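Peer 1: Pasting a structure below so you can have a look.
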Amino acid sequence: MNQMENDFRIFNRNPVYLKVFIVEPILVSCIDKTLFADIYTYVQRVSPNITKSEVKEHLFYLVSSSFIDYNGKNKTYYISQNGIDLLDIVYSQRNIREVDYSSLTLKVG
């Protein structure tokens with residue numbers, strides 16, 4: 107069991123809804139290989155009220171759903187092709203629709 111699984115104790119296969127306003131900056135910050143501290147710093151610049159546990163939870167599900175890859179040896183995260191595709195969908199939906207960005211969710215699991 108890896109550290110993220112320990113933090114959340116159970117990874118269950120029921121769908122989970124992630125907040126897009128947290129997912130998008132996580133994906134952007136992982137375009138270059140990055141450490142968790144850098145991801146958290148970037149997300150906090152975009153949304154100052156986000157907690158470390160919210161970022162960890164979103165990152166956990168993004169890794170588990172193959173949107174982000176994790177290199178345990180270097181403890182770095184990087185966006186996968188699926189993550190790039192997801193980021194493209196987020197940007198196109200944001201441009202096409204006039205919706206409240208803070209209310210958008212992503213169903214994973």
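No gaps in the numbering here: position 81 of the sequence shown is 187 in our numbering, and each next residue is one more.
All C-beta atoms, glycine included, are put in the ideal place defined by N, C-alpha and C.
Just so we're clear, the structure is a prediction, and the values are computed from it rather than from any experiment.
Please classify residue 195 as buried or exposed, where buried requires at least 16 neighbouring CB atoms within 10 angstroms.
Peer 2: The residue in question, residue 195, is exposed, as its Cβ has fewer than 16 Cβ neighbours within 10 Å.
Peer 1: Does residue 140 pass the burial test, meaning 16 or more other C-beta atoms within 10 Å, or should it be called exposed?
Peer 2: Under this definition residue 140 is a buried residue.
Peer 1: Leaving out five residues before and five after residue 181 in sequence, what residues of the same chain have Cβ atoms less than 8 Å from its Cβ?
Peer 2: Same-chain partners within the cutoff: 141, 142.
Peer 1: Starting from residue 125, follow its DSSP beta bridges and name the residues at the other end.
Peer 2: DSSP lists 211 as partners of residue 125.
Peer 1: Please report the residue range of the beta strand (DSSP E) in which residue 147 lies.
Peer 2: Taken as a continuous stretch (DSSP letters only), residue 147 belongs to no beta strand (DSSP E), being part of the alpha helix (DSSP H) at 142-152.
Peer 1: Please report the distance separating the alpha-carbon of residue 169 from that of residue 214.
Peer 2: Those two C-alpha atoms are separated by around 11 Å.
Peer 1: Taking the alpha-carbon positions, what's the residue 176 to residue 133 distance?
Peer 2: Straight-line Cα distance between these residues: approximately 13 Å.
Peer 1: Have a look at residue 124 and residue 144 and give me their C-alpha separation to the nearest angstrom.
Peer 2: The alpha-carbon atoms of residue 124 and residue 144 are separated by roughly 20 Å.
Peer 1: By alpha-carbon positions, which one of 120, 131, 121, 127 ends up nearest to residue 184?
Peer 2: Checking every option, the nearest Cα to that of residue 184 belongs to 131.
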